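Quick note on my numbering: the sequence shown kicks off at -15 and runs consecutively. For glycine and all other residues, C-beta sits at the position ideal for the given N, C-alpha and C. Every value quoted in this text rests on a predicted model; they were computed, and no experiment measured them.
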Amino acid sequence: MIKLKKILCPVDFSACSTYALSYAIDLTTKERASLYLIHVIETHISDIRDIVKQIDLLLDDKQIDNLKVRLTNLIPDNIRPNIHIQPIVEKGVPFVEIIKTARYNHIDLIIMGTHGRTGLEHILIGSVAERVIRSAPCPVLSIRLPKQVFSMP
Ligand code: AMP
-15 MIKLKKILCP VDFSACSTYA LSYAIDLTTK ERASLYLIHV IETHISDIRD
35 IVKQIDLLLD DKQIDNLKVR LTNLIPDNIR PNIHIQPIVE KGVPFVEIIK
85 TARYNHIDLI IMGTHGRTGL EHILIGSVAE RVIRSAPCPV LSIRLPKQVF
135 SMP
């Protein structure tokens, strides 16, 4: 029998990740599982403003605590006391940190949103969800916002 004890939901605070979180909360509650929430502070540096931003982040441990509180606060008040929530904040490349966290914590299922980019947008920006699906040590449920219409690549 498949038992989901640990569910990981990567959160970038976008609408699609918040939407996926509602699935993660629901399944966590039904399965009486633990909900791991991860936000990755991206350390990809593309220009000088990014470097300044990254230095600020390195110096600011308080920011990490604030992000953990922000993650926890995404869970509605009435549900928060009923499930075990583990907020995690890492620095690095999102898909790498998501996979590392899934491995380290023996996660049973990853639930994440995807913008569902196609065509040129997909080529230029890529997809975090796609990379996670390819290398994750467990099944991945990826969810698009319902209003997103598929456009042919
Ligand atoms: P995609 O649209 O395929 O690039 O995937 C977007 C999803 O990747 C979001 O819904 C999150 O689940 C995850 N994601 C992207 N960036 C981050 C980040 N910095 N921290 C945590 N999760 C992220």
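With a CB to CB cut of under 8 Å and the five nearest residues on each side skipped, what residues in its chain are close to residue i?
{"i": "residue 11", "result": "-12, -9, 17, 93 and 95"}
{"i": "residue 128", "result": "0, 97, 98, 99 and 100"}
What are the boundary residues of the alpha helix (DSSP H) that residue i is part of?
{"i": "residue 14", "result": "-1 to 15"}
{"i": "residue 119", "result": "112 to 119"}
{"i": "residue 109", "result": "103 to 109"}
{"i": "residue 55", "result": "45 to 57"}
On a CA-only basis, which of the options is nearest residue i? Give me that one, please.
{"i": "residue 69", "options": "78, 75, 59 and 121", "result": "59"}
{"i": "residue 13", "options": "117, 105, 64 and -5", "result": "64"}
{"i": "residue 21", "options": "78, 45 and -15", "result": "78"}
{"i": "residue 24", "options": "3, 66 and 75", "result": "75"}
{"i": "residue -7", "options": "66, 47, -15 and 91", "result": "91"}
{"i": "residue 80", "options": "27, 44 and 66", "result": "27"}
{"i": "residue -3", "options": "122, 51, -15 and 44", "result": "51"}
Residues in the same chain with beta-carbon distance under 7 Å from residue i, minus the five sequence neighbours each way, listed in chain order, please.
{"i": "residue 111", "result": "98 and 101"}
{"i": "residue 120", "result": "83, 86 and 94"}
{"i": "residue 109", "result": "101"}
{"i": "residue 55", "result": "-5, 21, 23 and 71"}
{"i": "residue 113", "result": "96, 98 and 126"}
{"i": "residue 15", "result": "-12"}
For the beta strand (DSSP E) containing residue i, name the first residue and the last one.
{"i": "residue 68", "result": "68 to 76"}
{"i": "residue 124", "result": "124 to 127"}
{"i": "residue -10", "result": "-10 to -6"}
{"i": "residue 23", "result": "18 to 26"}
{"i": "residue 96", "result": "93 to 97"}
With a threshold of 6 Å on Cβ separation, who are the neighbours of residue i within its own chain once the five nearest residues in sequence on each side are excluded?
{"i": "residue 48", "result": "73"}
Tell me which residues pass a beta-carbon proximity test against ligand 1: closer than 5 Å to any heavy atom, given in chain order.
-6, -4, 0, 1, 23, 24, 78, 96, 97, 98, 99, 111, 112 and 113
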